[in-house]
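Since the structure comes first, as structure tokens, the remarks are kept for the end.
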Amino acid sequence: MGVGRNLAYRKELFLDNKGFNSHLGITGGDDDLFVNQHATKKNTVVSIGAEAIVFSKPKTAWGEFLHQKFRHLSVGKRYKFFDKIVLGAFSLSWMLSWFLVLPVVVLNPLIATASLFFIRLMLAIAVIHVGSRKLGDSFEAWKTPLLDFMYAFYYLVTGAKALFVKKVKWKN
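Per our numbering, the sequence shown starts with residue 3, numbered consecutively.
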């Protein structure tokens, strides 16, 4: 995924690939789709660090925030097939880990089920902690389980809407 305010690519790459021409019919996400189409292991670098962060003014109303997220997710329908599979599998496994852990434990109280869920949660905390430190942030790891659980519901709603909305309009 790419976000225009935090992307850099060579003019030559952009012009050689006719820029955003293949994405002219969409209202947003042309930068994201350009990166998805043309990024390779040889021509792409991810810069992680506090100096690479670009801050932007967040939406202040829930409606505006959700509309922006629907718009972002709706672009994913145009990703490369393999990328859709990888992102879909990640999202599905993550949501299922939250939504199925309690029923599975109740129906079949195996220690293995709880252990797998716990291991996944600890890995998420570790990744967030390391990323937070690299970005110079002081995120408190104890918040991860609650925020991760809440995000599962958010993603279920916004992801479902993004799949079924034909064309998302740009709103400021």
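Glycine included, C-beta positions come from ideal geometry on N, C-alpha and C.
Are the beta-carbon atoms belonging to residue i and residue j less than 8 Å from one another?
i	j	result
Ala143	Ile121	no
Val106	Thr115	yes
Gly138	Ala52	yes
Residue i to residue j, Cα distance in whole Å?
i	j	result
His25	Asn19	12 Å
Val103	Phe119	7 Å
Phe84	Thr146	29 Å
Ile55	Ala63	23 Å
Lys71	Gly161	9 Å
Lys86	Phe22	20 Å
Tyr81	Gln39	8 Å
Leu123	Glu14	43 Å
Asn110	Val37	44 Å
Thr42	Val88	16 Å
Ile50	Phe141	16 Å
Trp100	Leu17	44 Å
Lys61	His131	26 Å
Leu148	Phe67	20 Å
Gly90	Lys136	27 Å
Gly65	Val159	13 Å
Please classify residue i as buried or exposed, where buried requires at least 16 neighbouring CB atoms within 10 angstroms.
i	result
Ala164	buried
Phe155	exposed
Arg12	exposed
Arg73	buried
Leu35	buried
task = Decide yes or no for the touch test of the region 24-39 against the region 74-94: beta carbon pairs closer than 8 Å, at least 3 of them.
result = Result yes; three or more Cβ-Cβ pairs closer than 8 Å.
task = Could you tell me whether the region 82-95 touches the region 40-55, where touching means 3 or more Cβ pairs closer than 8 Å?
result = The region 82-95 makes no contact with the region 40-55: fewer than 3 CB pairs, one atom from each, lie closer than 8 Å.
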